[in-house]
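Note that my numbering has the sequence shown beginning at 65, numbered continuously upward.
Just below is one structure, and these are the notes that go with it.
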Amino acid sequence: MRTLVLGGARSGKSAWAESLFDGHRPSGSQGDPIAVDYVATARPWPGADGFDADFAARIAGHRDRRPAHWRTVDDVDAVEALRRPLSPHVLLDDVGTWLTGVFDREGLWDLPRGSVAPWTDELVAAVRDWPGAGPATGTSARSSTAPFAGFSTGSSTSPSAGSGDGSPAVADVPGESGETRDVVKREPHLVMVTPEVGMGVIPEHRSGRLFRDEIGLLNGRLAEVCDQVVLVVAGMPLRLK
Numbered sequence: 065m066r067t068l069v070l071g072g073a074r075s076g077k078s079a080w081a082e083s084l085f086d087g088h089r090p091s092g093s094q095g096d097p098i099a100v101d102y103v104a105t106a107r108p109w110p111g112a113d114g115f116d117a118d119f120a121a122r123i124a125g126h127r128d129r130r131p132a133h134w135r136t137v138d139d140v141d142a143v144e145a146l147r148r149p150l151s152p153h154v155l156l157d158d159v160g161t162w163l164t165g166v167f168d169r170e171g172l173w174d175l176p177r178g179s180v181a182p183w184t185d186e187l188v189a190a191v192r193d194w195p196g197a198g199p200a201t202g203t204s205a206r207s208s209t210a211p212f213a214g215f216s217t218g219s220s221t222s223p224s225a226g227s228g229d230g231s232p233a234v235a236d237v238p239g240e241s242g243e244t245r246d247v248v249k250r251e252p253h254l255v256m257v258t259p260e261v262g263m264g265v266i267p268e269h270r271s272g273r274l275f276r277d278e279i280g281l282l283n284g285r286l287a288e289v290c291d292q293v294v295l296v297v298a299g300m301p302l303r304l305k
């Protein structure tokens, strides 16, 4: 299973993606916590005094929010982490900072549009061919195309508000049940967080326009190869695919 979670800045997309694995279990729930490999793509930025410190504080905030039993993977590129995963449950956060890092590392900011294609092609291929990291609790390694049990496959006449215990809800989707959590634990699942951009003013600088164009194209390609796509706005998820 591959799920793409989109959202704007401070939309709650990261917290919602995290909750798919461990988030907001009711007290007394059975079973061990889900072990997750968290592929962290953000790196502290060099620059003016205070700017890097502020960004480093944001990274620390994400790190502190993650459960202690999750493993942070930040010593390899995201493409390599996806090609050789060590866990059947992977959360990548996020695609935007990965793309920015590629532009910085490869010196692509002043090159023509499309120059980043060799790297984005590799990421899309890694997601498409994601192996699932081996068997998880009695299941075979696979990249399932069946809908994730946390989402309804049928239509609903009214939006769901979730289960009442803080479990994630999606427009016409029922809240998570204990059975759903068991399915999440058993089946390999890759969740990727990515920024949705380009809804407002055209960026003043070329670098901003370049990033907007390239992340938009990349998001569309990732959505094509993912089994599910969710847009998070103001903390509220809406299923797109």
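Every residue, glycine too, gets a C-beta built ideally from N, C-alpha and C.
All values reported here derive from a predicted model rather than from experimental measurement.
* Helix, strand or coil for Leu175 per DSSP? -> In the sequence shown, counting from the first residue as 1, residue 175 sits at position 111. Three-state DSSP puts Leu175 in coil, outside helix and strand.
* Okay, do the stretch 180-197 and the stretch 145-161 touch, 3+ Cβ pairs below 8 Å being the bar? -> yes
* Looking at the C-beta of Ala189, does it have a partner C-beta in chain B at a distance below 8 Å? -> Protein chain content of the structure displayed is limited to a single chain, and chain B is not contained in it.
* Asked: Should Met263 go down as buried or exposed, given a rule of 16 or more other Cβ atoms within 10 Å for buried?
  -> Taking the first residue of the sequence shown as position 1, residue 263 is located at position 199. Exposed: under 16 other Cβ atoms inside 10 Å.
* Asked: Based on Cα-Cα distance, which residue from Leu163, Val137, Gly125 and Glu268 lies nearest to Leu281?
  -> Here residue 281 refers to the residue found at position 217 of the sequence shown. Ranking Leu163, Val137, Gly125 and Glu268 by Cα distance to Leu281 puts Leu163 first.
* Asked: Count the other CB atoms within 10 Å of the CB of Asp185; is the residue buried (16 or more) or exposed (fewer)?
  -> Locating residue 185 in the sequence shown gives position 121, where the first residue counts as 1. Label assigned to Asp185: exposed.
* Asked: So, Val154 versus Leu254, is the Cβ gap smaller than 8 Å?
  -> In the sequence shown, the residue the question calls residue 154 occupies position 90. In the sequence shown, the residue the question calls residue 254 occupies position 190. Going by C-beta atoms, Val154 is nearer than 8 Å to Leu254.
* To do: Would you tell me roughly how many angstroms separate the C-alpha atoms of Asp101 and Arg135, rounded to the nearest one?
  => Within the sequence shown, numbered from 1, the residue matching residue 101 stands at position 37. Within the sequence shown, numbered from 1, the residue matching residue 135 stands at position 71. Roughly 5 Å between the two C-alpha positions.
* **Straight-line Cα distance separating Pro301 from Leu295** => Along the sequence shown, one-based indexing puts residue 295 at 231. Along the sequence shown, one-based indexing puts residue 301 at 237. Taking the straight line from one Cα to the other gives about 6 Å.
* Distance, Ala79 Cα to Ala47 Cα -> Because residue 47 is not part of the residues shown, which for the chain are 65 to 305, the question remains open.
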